[in-house]
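*Asks:* Mind looking over this structure? Questions follow.
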Amino acid sequence: MGPIASSLTLAAIVLLPAALADWPPQLPGTAALASIVVLGVICTAVGLSVFFQLIIEAGPNRASVITYVNPVVAVIFGIVVLSEQLGVMSLLGLLMILGGSWLAMMGSPHRSDTHA
């Protein structure tokens, strides 16, 4: 947790001058502020906690494969929420992502298997 907390703190310090240089003339509305809080707490804090638990349970190699699934989720949400069309190239790309993820998982044993 130390390296992650350090990197998030460093990122906040690096971004602070840009935020101060472009300070808004008035405070954003409560909906915008609530959105920022929800994104910070749920998407960052809870998301990282769940990811760290995944690393503990599945091991770092298998846990990193989840990042390859993001485009699959994005395409599915695009189709369902935005009524986008699924093209041949998108389908081919999704199949390649899933195939690559499956191949990556084949070579990395579960964390508990390596300590048995």
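The numbering used here applies: residue 1341 is where the sequence shown begins, and numbers increase by one.
Idealized CB from N, CA, C, for every residue including glycine.
Being a predicted model, the structure only gives us computed values, none of them experimental.
1. Going by beta carbon distance, what residues of the same chain come within less than 8 Å of residue 1408, once the five residues before and after it are set aside?
2. What distance in whole Å lies between the Cβ atoms of residue 1382 and residue 1394, which are believed to be in contact at a cut-off of 8 Å?
3. I'd like the list of long-range same chain contacts for residue 1403, defined as Cβ closer than 6 Å, with 5 residues on each side in sequence excluded.
4. If I'm right that residue 1432 touches residue 1415 with Cβ under 8 Å, what's the distance once you round it to whole angstroms?
5. When you compare each of 1401, 1424, 1412 to residue 1446 by their alpha carbons, which one comes out closest?
*Replies:* For this structure:
1. By one-based count along the sequence shown, residue 1408 stands at place 68. Excluding positions up to five away in sequence, the list reads 1437, 1440, 1441, 1444.
2. Working through the sequence shown from its first residue, we reach residue 1394 at position 54. Working through the sequence shown from its first residue, we reach residue 1382 at position 42. Incorrect: roughly 16 Å between the Cβ atoms, too far for contact.
3. Taking the sequence shown and counting its residues from 1, the one referred to as residue 1403 is at position 63. Taken in chain order, the residues that qualify are 1394, 1395.
4. Counting from one through the sequence shown, the residue named residue 1432 turns up at place 92. Counting from one through the sequence shown, the residue named residue 1415 turns up at place 75. With a Cβ gap of about 12 Å, residue 1432 and residue 1415 do not count as contacting.
5. Position 106 of the sequence shown, counted from the start, is the residue given in the question as residue 1446. Comparing Cα-Cα distances from residue 1446 to each of 1401, 1424, 1412, the minimum goes to 1401.
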